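Participant: If you read the sequences in order, they're chains A and B. Position in the first sequence (first residue = 1) + 16 = the numbering used here. Position in the second sequence (first residue = 1) + 16 = the numbering used here. Beta carbons: idealized from backbone N, C-alpha and C, even for Gly. If you're wondering where the values come from, they're calculated on a predicted model, not measured in any experiment.
There are 2 protein chains.
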Amino acid sequence: MRERTTQQLVATYDALIAACDHPTAEQLLKRVRRQLPRVSLGTVYRNLEKLRAQGRLRVLHLGRGVARYDAVLTNHDHFFCEGCGVVADVEGAGASGTFARLSGEGYVVRTARVSLLGLCPSCARSTRTSSLSRRSNRRRIVRERRRPG
Amino acid sequence: MRERTTQQLVATYDALIAACDHPTAEQLLKRVRRQLPRVSLGTVYRNLEKLRAQGRLRVLHLGRGVARYDAVLTNHDHFFCEGCGVVADVEGAGASGTFARLSGEGYVVRTARVSLLGLCPSCARSTRTSSLSRRSNRRRIVRERRRPG
DNA sequence: ATAACTGCAAAACGTTTGCGTGTAT
DNA sequence: ATACACGCAAACGTTTTGCAGTTAT
């Protein structure tokens, strides 16, 4: 066997699909518990990670806060309100004119942040030859080297 | 009195200015301790927050990892290597052509993320009338509302 | 003199994980 | 039948905080 379709997995994914507020893991827990009252937070995290690995959701790390989850996979960016934590979808945030448009709609954009993630030349090189691409392995390496001397 | 220039604050800022690797708080602790061996991690965090409030540094939250600190305030973006954790400066990441340029330099860009942060219309409205703009207040409100029912 | 700051240690926070039990296949 | 997933609770890593003592003004 490999990869079961459990009630908890289905309920978590359904809750995320139904959500329009980019919920946190704990918000999802509350919603899943309406159907399955005994679900634990650990299970929600495990299933969210499973869905992420399957490419069925995106994890949003916006600022220092909690992770937010999004099952809408079409290309879009996000606006995070530092006041109340609301997350709004934004189309084409990289394009010029977005700032003006949001301002016209009442938003106050304090920072527009572009974060590029991937592999630096050195790591890209070793990926080709070694086991760096295996996920568990990669994570270990991140842990080891993330904070050198 | 208000806002003292302590050895710990100066040493922390100096260490960050001297750094070219976008260090974490713990990396900064190690470097500050070369001069002041008894400095604690709590003090480093407190002083980093003080410097941030003064606008003398930027905090980088790149993915799920630790916060990285940057005293270079000129407009630039960052590339975060998911392999080794290296952070590289990138000029004009929002502009077209950046992706191709980085690829030519050996980088593998897996995700380009634009995060907009600020205030949503509702919070922007209440800022004008209430005490939301007072920092301690704002943080409390974020805590309260970040994860609604 | 005194308010701001420190070191220390404990708490807080979001997230992960070990273990024994349960369940989908 | 059995491997996968669960609930629970403890552990984890990063950051914050309470407190009693110290230091810059």
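#1: Spatial neighbours of T59/B within its chain, please: C-beta separation below 7 angstroms, excluding the five flanking residues on both sides.
#2: Pull out every residue of the segment 59-78 of chain B whose Cβ sits closer than 7 angstroms to any Cβ of chain A, in chain order.
#3: I need the boundaries of the alpha helix (DSSP H) containing T114/B, first residue and last residue.
#4: Please tell me whether, using a cut-off of 7 angstroms, the distance from the CB of L67/B to the nearest non-hydrogen atom of the ligand NAP is below it.
#5: In this structure, does DSSP put T127/A in helix, strand or coil?
#6: Check for me: the alpha helix (DSSP H) holding D30/A runs from which residue to which?
#7: Within 8 angstroms of any Cβ in chain B, is that where the Cβ of V124/A sits?
#8: Shorter than 8 angstroms from the beta carbon of P137/A to some beta carbon of chain B?
#9: Is there at least one Cβ from chain A nearer than 8 angstroms to C36/B's Cβ?
#10: In angstroms, rounded to a whole number, what distance separates the CA positions of R161/B and R141/A?
#11: Over what stretch of residues does the alpha helix (DSSP H) that includes L76/B continue unbroken?
#12: Which of helix, strand or coil does DSSP assign to V103/B?
#13: Based on DSSP bridge pairs, tell me the residues matched to R144/B.
#14: T28/A and L44/A - do their beta-carbons sit closer together than 8 angstroms?
#15: Per DSSP, what kind of secondary structure is G58/A in: helix, strand or coil?
#16: From which residue to which residue does the beta strand (DSSP E) around R84/B run?
#17: What is the residue span of the alpha helix (DSSP H) that Q43/B lies within?
#18: Hey, does D86/A have any beta-carbon neighbour from chain B nearer than 8 angstroms?
#19: With 8 angstroms as the C-beta to C-beta threshold (strictly closer), list the residues of the segment 87-102 of chain B near chain A in chain order.
#20: Report buried or exposed for E98/A, applying the criterion of at least 16 other Cβ atoms within 10 angstroms of its Cβ.
#21: I'd like to know whether the C-beta atoms of L133/B and G108/A end up nearer to each other than 8 angstroms.
#22: When the Cβ atoms of the segment 109-123 of chain B are set against those of the segment 63-76 of chain B, are three or more pairs found closer than 8 angstroms?
#23: Out of D93/A, R18/A, Y123/A, state which residue places its alpha-carbon closest to the alpha-carbon of K66/A.
#24: Give the residues from the segment 20-45 of chain A that approach chain B closer than 9 angstroms (Cβ to any Cβ), ordered along the chain.
#25: Name the chain A residues whose beta carbon is nearer than 7 angstroms to that of E121/B?
#26: Need the endpoints of the beta strand (DSSP E) that D93/B sits in, please.
#27: List the residues of chain A that A109/B touches, going by C-beta distances under 7 angstroms, in chain order.
#28: Look at the Cβ atom of A31/B, then the Cβ atom of L64/B, and state whether they are nearer than 8 angstroms.
#29: Does the distance from the CB of V125/B to the CB of G110/A come in under 8 angstroms?
#30: My assumption, with CB atoms under 8 angstroms, is that C136/A sits in contact with C36/B. Please give the rounded CB distance.
#31: So, is R20/B buried or exposed, given that buried needs 16 or more other C-beta atoms within 10 angstroms?
Facilitator: Reading off the structure:
#1: Q24
#2: H77, L78
#3: Annotation for T114/B: the continuous alpha helix (DSSP H) segment containing it runs 114-120.
#4: Among the components of this structure there are no ligands whatsoever, and the ligand NAP is therefore not found.
#5: strand
#6: 23-34
#7: Chain B, which has a Cβ nearer than 8 angstroms to the Cβ of V124/A, makes this yes.
#8: yes
#9: Judged by the 8 angstroms Cβ criterion, C36/B is not in contact with chain A.
#10: Any reading at R161/B must be qualified, since the residue scores a pLDDT of 28, below 50, and its modelled position is unreliable; the value itself is stated next. Computed Cα separation, rounded: 44 angstroms.
#11: Here L76/B belongs to no alpha helix (DSSP H); instead the beta strand (DSSP E) covers 74-76.
#12: strand
#13: R144/B pairs with nothing; no bridge assigned.
#14: yes
#15: helix
#16: 84-86
#17: 41-49
#18: no
#19: Flagged, chain order: D93, H94, F95, F96, C97, E98, G99, C100, G101, V102.
#20: buried
#21: no
#22: No, they do not touch.
#23: R18/A
#24: D37, P39, T40, E42, Q43
#25: P137
#26: Per DSSP, D93/B belongs to the beta strand (DSSP E) from 93-97.
#27: V130, L132
#28: no
#29: The answer is no: Cβ separation not under 8 angstroms.
#30: With 8 angstroms as the limit, C136/A and C36/B do not qualify as a contact, their Cβ atoms being about 15 angstroms apart.
#31: exposed
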